[in-house]
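In what follows, a structure is listed as structure tokens, so that the remarks can point back to it.
In UniProt numbering, the protein residues as written are 1 to 149.
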């Protein structure tokens, strides 16, 4: 359907933009949709730039706009030469107290091997009594199969 385009004076362009973007027919649908609606009935020089500026400065559109996703670099491989050269340590807790009165669990993972070691008997997060290292009975790379290497 063809509508005759109105060429409004420069002083009225802002009110036309406000009606098309914020009025009952606009409803904050975004820059592209309001520009399409503007082009059907109106025309003026730099209409697209004015519409982009209006859309960027609209506070209600900015409030409901989704944040832009940040691109992350791909995770690379970590080069490790010997066992226990690089380890990962994670403290889990406070947990429910078990029969040995342990509340925290410290997990140590070696990047060179697949095995994980759990250090028990952590009463508090800082107060560490005698530590018992238990291997989780996993086959380690490099042929180490016992409790200790």
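Built from N, CA and C at the ideal position, the CB exists for glycine as well.
- Message: What ranges does the alpha helix (DSSP H) occupy inside the region 44 to 99, keeping only unbroken runs of at least 4 residues that lie completely in it?
- Response: 47 to 57 and 59 to 64
- Task: Can you tell me which of the three DSSP states residue 10 falls into?
- Result: helix
- Tell me the DSSP bridge mates of residue 29? Partner(s): none; residue 29 has no beta bridge.
- Message: Here's the rule I'm using: 16 or more other beta-carbon atoms within 10 Å means buried, otherwise exposed. How should residue 75 be labelled?
- Response: exposed
- Item | Euclidean distance between Cα positions of residue 113 and residue 83 | 7 angstroms
- Message: In whole angstroms, give me the CA-to-CA distance for residue 40 and residue 24.
- Response: 17 angstroms
- C-alpha gap between residue 66 and residue 56, whole angstroms: 13 angstroms
- Query: Does the beta-carbon of residue 43 have 16 or more other beta-carbons within 10 angstroms, so that it is buried, or is it exposed?
  - Reply: exposed
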